[in-house]
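The structure under discussion appears below in the form of structure tokens.
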Amino acid sequence: MNLLLYDAVIFDLDGTLTDSQPGIFACAKYALDKMGLPIPPDSTLRRFLGPPLAESYINYCGMTEEQAAYATDLYRERYIPIGWKENKVYPHIRALLKSLKDRGVYLAVATGKPQHTSVDILRYFDLLPYFDAVAGPAPEELHADKGDLIRRVLPEGKRAVMVGDTAGDIKGAKDVGIASVAALYGYGVDEEVMAAGPTHAVKDTKALCELLCPDMEKEKGFFVTLEGVDGCGKSTQAAALKERLEQFGYSVHRTREPGGCPIAEEIRKIVLAKEDGGMCAETEALLFAAARAQHLKDVILPSVEAGQVVLCDRFVDSSLVYQGMARGLGMEWVKEINRPAFREGAPDATLYLRMDHEKAMARRLAVDAPDRIEQAGDSFHARTEAAYEELCRQHPDRFLPVNGDQTPEQVTEDAFSALFSRMRERGVL
Ligand code: TYD
Numbered sequence: 018m019n020l021l022l023y024d025a026v027i028f029d030l031d032g033t034l035t036d037s038q039p040g041i042f043a044c045a046k047y048a049l050d051k052m053g054l055p056i057p058p059d060s061t062l063r064r065f066l067g068p069p070l071a072e073s074y075i076n077y078c079g080m081t082e083e084q085a086a087y088a089t090d091l092y093r094e095r096y097i098p099i100g101w102k103e104n105k106v107y108p109h110i111r112a113l114l115k116s117l118k119d120r121g122v123y124l125a126v127a128t129g130k131p132q133h134t135s136v137d138i139l140r141y142f143d144l145l146p147y148f149d150a151v152a153g154p155a156p157e158e159l160h161a162d163k164g165d166l167i168r169r170v171l172p173e174g175k176r177a178v179m180v181g182d183t184a185g186d187i188k189g190a191k192d193v194g195i196a197s198v199a200a201l202y203g204y205g206v207d208e209e210v211m212a213a214g215p216t217h218a219v220k221d222t223k224a225l226c227e228l229l230c231p232d233m234e235k236e237k238g239f240f241v242t243l244e245g246v247d248g249c250g251k252s253t254q255a256a257a258l259k260e261r262l263e264q265f266g267y268s269v270h271r272t273r274e275p276g277g278c279p280i281a282e283e284i285r286k287i288v289l290a291k292e293d294g295g296m297c298a299e300t301e302a303l304l305f306a307a308a309r310a311q312h313l314k315d316v317i318l319p320s321v322e323a324g325q326v327v328l329c330d331r332f333v334d335s336s337l338v339y340q341g342m343a344r345g346l347g348m349e350w351v352k353e354i355n356r357p358a359f360r361e362g363a364p365d366a367t368l369y370l371r372m373d374h375e376k377a378m379a380r381r382l383a384v385d386a387p388d389r390i391e392q393a394g395d396s397f398h399a400r401t402e403a404a405y406e407e408l409c410r411q412h413p414d415r416f417l418p419v420n421g422d423q424t425p426e427q428v429t430e431d432a433f434s435a436l437f438s439r440m441r442e443r444g445v446l
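In this text, residue positions in the sequence shown follow the numbering used here: the first is 18, and each later residue adds one.
Next up, the structure:
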């Protein structure tokens with residue numbers, strides 16, 4: 018049975034597919050600042066989301082046409098290199114587009130944002146392949162009517178619907194005689210959008226999915242671990258990767274080991290205590306394994322099952338490296354006590370931040386007081402580095418090595434691009 022109400026869906030971009038507010042606000046403020054003009058409150062800046070820029074500068078900042086043209090140039094000065102990337106795909110949108118495409122639905126974008134910028138944004142987020150057509154004003158068009166933009170991408174003989182967050186989107190759909198969905202999670206003022214008379218209204222993207230694709234597949238989760246010698250910069254990268262994945266529309270749960278849930282955090286205190294209480298290597302390994310078993314059951318597995326990307330700072334490879342190799346307990350024994358992590362809890366990908374252990378430790382000591390494990394001698398840390406390299410050779414299908422000896426921004430770029438391609442290879446789109 019075909020559950021689809023519509024077999025052609027035309028989306029607005031800003032406030033419907035992506036949340037472009039951070040980039041637009043920052044660029045609007047940049048221009049005002051350069052002109053020495055006061056910055057209006059965010060409630061006024063919200064009015065900039067949607068209408069042509071110059072119009073907003075005139076209406077909300079009291080500029081003349083000439084000033085508004087200059088402000089628009091300044092805005093672009095920041096928007097072109099940086100601002101357009103300060104954008105975020107709304108949750109569930111990736112999965113919705115894929116599900117609709119898989120069902121043969123015609124997909125298009127009709128936006129007031131310039132055509133080339135819109136295509137760049139969709140390409141950057143790897144959403145462009147889902148769309149059959151994209152319409153936005155050409156560079157010479159100062160203002161394009163929404164109905165006209167919809168007409169440019171409207172296919173013949175299909176049950177089409179326009180999804181948008183402003184009254185202009187709903188009116189445009191009416192002008193061309195198609196149904197509409199008001200995306201109330203966007204920037205439009207709810208009363209204005211509803212007054213335009215949409216066919217449907219949704220309060221969030223989950224409701225949009227239910228309306229457009231009621232039998233949509235469950236979103237696929239993904240379990241990523243971050244590994245590397247002490248001081249290689251994993252925590253910084255975990256934070257940056259979470260942000261980047263969320264910009265791409267994924268729901269991310271960031272966690273760490275040892276720890277990540279109340280029982281495991283208690284174990285962490287014991288195992289990483291600064292004073293040397295004479296803990297033997299076996300106890301240490303068993304404590305890490307105990308913390309991990311709880312963490313997997315309470316946090317990691319349920320989050321992956323719920324379709325999230327789990328980003329875990331250290332996991333079982335740390336035990337193989339630190340306890341198995343560096344402390345000399347042997348890989349086999351460590352594997353044995355960590356069985357859950359090799360069965361249902363195996364990571365889908367492991368980002369390995371490759372870095373010389375001496376360089377990494379020097380960096381680490383410059384900022385932090387070392388814990389019990391970091392206090393171990395130099396040959397211990399040299400063994401951890403060698404052990405990581407060995408694991409990397411043994412599991413090329415899981416390990417994604419990244420050069421950690423670069424600027425943090427560059428490491429994030431490399432790590433994200435390796436991770437994103439791996440996710441796509443594994444069907445997490
Ligand atoms: P942490 O403060 O998380 O350090 P880092 O930010 O460098 O990861 O401390 C974790 C320490 O515990 C680190 O030295 C590695 C060690 N460790 C093990 O020895 N075995 C394990 O299984 C795990 C998870 C960590």
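Ideal placement from N, C-alpha and C gives every residue a C-beta, glycine not left out.
- Just how far apart, CA to CA, sit residue 317 and residue 391? What you label residue 317 is simply residue 300 of the sequence shown in a count that begins at 1. What you label residue 391 is simply residue 374 of the sequence shown in a count that begins at 1. Straight-line Cα distance between these residues: approximately 26 Å.
- Span of the alpha helix (DSSP H), counted from its first residue to its last, around residue 74: Taking the first residue of the sequence shown as 1, we reach residue 74 at position 57. Taken as a continuous stretch (DSSP letters only), the alpha helix (DSSP H) holding residue 74 covers 70-78.
- Item | Member of 234, 202, 192, 78 whose CA lies at the smallest distance from the CA of residue 119 | In the sequence shown, counting from the first residue as 1, residue 119 sits at position 102. For the residues 234, 202, 192, 78, the minimum Cα distance to residue 119 belongs to 234.
- Task: Compute the beta-carbon to beta-carbon distance between residue 309 and residue 361, rounded to the nearest angstrom, for a pair I have assumed lies under 8 Å.
- Result: Working through the sequence shown from its first residue, we reach residue 309 at position 292. Working through the sequence shown from its first residue, we reach residue 361 at position 344. With 8 Å as the limit, residue 309 and residue 361 do not qualify as a contact, their Cβ atoms being about 13 Å apart.
- Message: Closer than 8 Å is the cut-off here; do at least three beta carbon pairs connect the segment 101-115 with the segment 29-47?
- Response: yes
- Taking only runs that begin and end inside the segment 74-148, name each unbroken beta strand (DSSP E) of 3 or more residues, in chain order. 123-127
- Message: Could you tell me the alpha carbon to alpha carbon distance between residue 259 and residue 174, rounded to whole angstroms?
- Response: In the sequence shown, the residue the question calls residue 259 occupies position 242. In the sequence shown, the residue the question calls residue 174 occupies position 157. Roughly 43 Å separates the two Cα atoms.
- Spell out whether any CB of chain B is found under 7 Å from the CB atom of residue 89. The structure shown contains no chain B; it is built from a single protein chain.
- Sorry if obvious, but does the Cβ on residue 236 come closer than 6 Å to a heavy atom of the ligand TYD? Here residue 236 refers to the residue found at position 219 of the sequence shown. Not so, every heavy atom of the ligand TYD lies at least 6 Å from the Cβ.
- Buried/exposed call for residue 286, threshold 16 Cβ in 10 Å: In the sequence shown, the residue the question calls residue 286 occupies position 269. Counting Cβ neighbours within 10 Å, residue 286 comes out exposed, since fewer than 16 surround it.
- Can we count residue 320 as close to the ligand TYD, meaning its CB is less than 6 Å from some heavy atom? What you label residue 320 is simply residue 303 of the sequence shown in a count that begins at 1. It does not: the Cβ of residue 320 is nowhere closer than 6 Å to a heavy atom of the ligand TYD.
- Assigned secondary structure, residue 270 (DSSP; H/G/I helix, E/B strand, else coil): What you label residue 270 is simply residue 253 of the sequence shown in a count that begins at 1. Looking at residue 270 - three-state DSSP - the assignment turns out to be strand.
- How is the alpha helix (DSSP H) around residue 279 delimited, first residue to last? Along the sequence shown, read from residue 1 onward, the residue named residue 279 stands at position 262. Counting along the chain, the alpha helix (DSSP H) containing residue 279 begins and ends at 279-288.
- Would DSSP call residue 339 helix, strand or coil? Taking the first residue of the sequence shown as 1, we reach residue 339 at position 322. Of the three classes helix, strand and coil, the one that applies to residue 339 here is helix, per DSSP.
- Just to confirm, are residue 147 and residue 114 a CB contact at a threshold of 7 Å? Taking the sequence shown and counting its residues from 1, the one referred to as residue 147 is at position 130. Taking the sequence shown and counting its residues from 1, the one referred to as residue 114 is at position 97. Contact: yes.
- Message: With distance defined between alpha-carbon atoms, name the residue in 375, 407, 418 nearest to residue 397.
- Response: Numbered from 1 along the sequence shown, position 380 holds the residue referred to as residue 397. The option with the nearest alpha carbon to residue 397 is 375.
- Task: Examine the ligand COA and report whether any of its heavy atoms sits within less than 6 Å of the Cβ of residue 375.
- Result: Only the ligand TYD can be found as ligands here, which leaves the ligand COA out of the picture.
- Query: Nearest to residue 359 by alpha carbon, out of 164, 240, 230, 145?
  - Reply: Locating residue 359 in the sequence shown gives position 342, counting from the first residue. Answer by Cα proximity: 240.
- Message: Taking contact to mean 3 or more Cβ pairs, one atom from each stretch, closer than 8 Å, check whether the segment 28-36 and the segment 126-134 are in contact.
- Response: yes
- Beta carbon of residue 152, beta carbon of residue 88: below 7 Å? On the sequence shown, position 135 is the one that residue 152 refers to. On the sequence shown, position 71 is the one that residue 88 refers to. Result no, Cβ atoms of residue 152 and residue 88 do not sit closer than 7 Å.
- Message: Please state the DSSP three-state secondary structure of residue 453.
- Response: In the structure displayed, the chain extends from 18 to 446; residue 453 sits before or after that span and is not available.
- Excluding the 5 residues preceding and the 5 following residue 276 in the sequence, name in chain order all residues of the same chain whose CB lies nearer than 6 Å to its CB. Looking up residue 276 in the sequence shown gives position 259. Result list for residue 276: 282, 285, in chain order.
- Task: In the DSSP assignment, find the beta strand (DSSP E) that holds residue 55 and state where it starts and stops.
- Result: What you label residue 55 is simply residue 38 of the sequence shown in a count that begins at 1. Here residue 55 belongs to no beta strand (DSSP E), and DSSP marks it neither H nor E.
- Task: With a threshold of 16 other CB atoms inside 10 Å of the CB of residue 427, please say whether the residue is buried or exposed.
- Result: Position 410 of the sequence shown, counted from the start, is the residue given in the question as residue 427. Exposed: under 16 other Cβ atoms inside 10 Å.
- Near the ligand TYD: residue 339 beta-carbon under 6 Å from a heavy atom: As a working mapping, residue 339 is identified with position 322 in the sequence shown. Yes, since a heavy atom of the ligand TYD falls inside the 6 Å radius drawn around the Cβ of residue 339.
- Determine the burial state of residue 297: buried for a count of at least 16 other Cβ atoms within 10 Å of its Cβ, exposed for fewer. Taking the first residue of the sequence shown as 1, we reach residue 297 at position 280. Residue 297 comes out exposed.
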